[in-house]
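In what follows, a structure is listed as structure tokens, so that the remarks can point back to it.
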Amino acid sequence: MRKPLIAGNWKMNKTAREARPLLESLAGAPEGNAELLVCPPFTDLTLAADILKGSPVQWGAQNMYGEKEGAFTGEISPLMLKELGCSYVICGHSERRMIFGESNEMIRRKTEAAFWYDMIPILCVGETAEQRKAGQAEMMIARQLKGALQGLIEEEAGRMVIAYEPVWAIGSGEAASPEEAGQICTRIRAEVAQMLGHDAASSMRILYGGSVSPANIRPLMDQPDIDGALVGGASLEAGRFLDIYRQVI
Numbered sequence: 021m022r023k024p025l026i027a028g029n030w031k032m033n034k035t036a037r038e039a040r041p042l043l044e045s046l047a048g049a050p051e052g053n054a055e056l057l058v059c060p061p062f063t064d065l066t067l068a069a070d071i072l073k074g075s076p077v078q079w080g081a082q083n084m085y086g087e088k089e090g091a092f093t094g095e096i097s098p099l100m101l102k103e104l105g106c107s108y109v110i111c112g113h114s115e116r117r118m119i120f121g122e123s124n125e126m127i128r129r130k131t132e133a134a135f136w137y138d139m140i141p142i143l144c145v146g147e148t149a150e151q152r153k154a155g156q157a158e159m160m161i162a163r164q165l166k167g168a169l170q171g172l173i174e175e176e177a178g179r180m181v182i183a184y185e186p187v188w189a190i191g192s193g194e195a196a197s198p199e200e201a202g203q204i205c206t207r208i209r210a211e212v213a214q215m216l217g218h219d220a221a222s223s224m225r226i227l228y229g230g231s232v233s234p235a236n237i238r239p240l241m242d243q244p245d246i247d248g249a250l251v252g253g254a255s256l257e258a259g260r261f262l263d264i265y266r267q268v269i
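Taking my numbering, the leading residue of the sequence shown gets 21, the next gets one more, and so forth.
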């Protein structure tokens, strides 16, 4: 049985001073039949490790470079993240793809590198409003999956997480309907099964992301192929984020 995952992506928010009270509130989260994860900015990871150690909350990173070390000015390596206790890393978020021009090949290298240090990649896929309107959502998602998962072995694929984040829903307040999100997540699982085998597909957790809130988490979780959520804005408020988590456990 797939264990639900509620992951918070803080994006470029919260200085260390601002992050401390939020992390301290999250550290008191109850244990339950779900994982709770926060992905703060790099500058808050040491603080997160200090405050969350021994709590039910895990911490991870929003991005990394797909090499152990080298002349990559401004980048962070998987080894650096692992030494900070990160258990997860987000790869291929739509903002990285669109603003920084990350290609499927770059994202594939990051996904592969996460496994070198026993971190779990959260691979983000999703379509724009224009692609959705043109009926190209499933085609675009399949292209992203094939580009990022190429070369993975079945065991690795079964451990990773895929987050379906329709670009048009991120930060808009307009989430995909539970039925629409569930349909796409079912299609993602079928695509993974075709690429890497049914065992990997059945083990892999698929999250929904895009204007997730306490009001819509339960209907989303009722969909058979949605195993959790990648939460943006609501993860910046301890009360809202923990409300989402409590509805899942």
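Even for Gly, the Cβ is constructed at its ideal location relative to N, Cα and C.
Query - Burial state of PRO50 (16 or more Cβ within 10 Å) - result: exposed
Report task. Spatial neighbours of ILE269 within its chain, please: CB distance less than 6 Å, with the 5 preceding and 5 following residues excluded, ordered by chain position. Result -> GLY52, ASN53 and ALA54
Query - CB-CB length for GLU194 against SER231, believed under 8 Å - result: 6 Å
Query raised in the report: CB MET277 to CB LEU143, shorter than 8 Å?
Result: Residue coverage of the chain in this structure runs from 21 to 269, which leaves residue 277 outside it and unanswerable.
Query raised in the report: Which residues bound the alpha helix (DSSP H) around PRO41?
Result: 36–46
Query raised in the report: Using the C-alpha atoms, what's the distance from GLY28 back to ALA249?
Result: 8 Å
Report task. Sort out for me which residues DSSP pairs GLN78 with in a bridge. Result -> LEU57
Requested in this report: Quick one: grab the DSSP three-state call for VAL232.
Outcome: coil
Query - Other residues of its chain near ASP245: CB distance less than 8 Å, five sequence neighbours each side excluded - result: GLY202, CYS205, THR206, ILE208, ARG209 and ILE226
Query raised in the report: Mind checking whether MET215 and LYS153 have CB atoms under 8 Å apart?
Result: no
Report task. Mark ILE161 as exposed unless 16 or more other C-beta atoms lie within 10 angstroms of its C-beta, in which case mark it buried. Result -> buried
Report task. For PRO239, I'd like the list of residues in its chain whose CB is within less than 6 Å of its CB, leaving aside the five on either flank, ordered along the chain. Result -> PRO198
Query raised in the report: Based on the DSSP output, what are the partners of GLY28 in its beta bridges?
Result: VAL58 and VAL251
Report task. Mind checking which residues open and close the beta strand (DSSP E) that includes TYR184? Result -> 181–184
Report task. Measure the beta-carbon distance from LYS34 to LEU42 and round it to whole angstroms, keeping in mind my assumption that it falls under 8 Å. Result -> 7 Å
Query - Residues near ALA16 by beta carbon distance below 7 Å, same chain, minus five either side - result: The structure shown has nothing for residue 16, since the chain only spans 21 to 269.
Query raised in the report: Does DSSP put LEU172 in a helix, a strand or coil?
Result: coil
Requested in this report: Grab me the residues of SER114's own chain with a C-beta within less than 7 Å of its C-beta, minus the 5 sequence neighbours each way, in chain order.
Outcome: CYS144, GLY146, GLU185, VAL187 and ILE190
Report task. Provide the residue span of the beta strand (DSSP E) that contains ILE246, from first to last. Result -> Where ILE246 is concerned, there is no enclosing beta strand (DSSP E), given that its DSSP letter is neither H nor E.
Requested in this report: Could you tell me whether the segment 83–98 touches the segment 124–134, using the rule of 3 or more Cβ pairs below 8 Å?
Outcome: yes
Query raised in the report: Excluding the five sequence neighbours on either side, which residues of its own chain have a C-beta within less than 7 Å of the C-beta of PHE92, listed in chain order?
Result: TYR85
Query raised in the report: Within 10 angstroms of its Cβ, does MET118 collect 16 or more other Cβ (buried), or is it exposed?
Result: exposed
Requested in this report: Compute the Euclidean distance between the alpha carbons of GLU132 and TYR108, then round it to the nearest angstrom.
Outcome: 13 Å
Query - N-terminal and C-terminal residue of the alpha helix (DSSP H) that PRO239 is part of - result: 237–241
Requested in this report: Can you tell me which of the three DSSP states LEU104 falls into?
Outcome: coil
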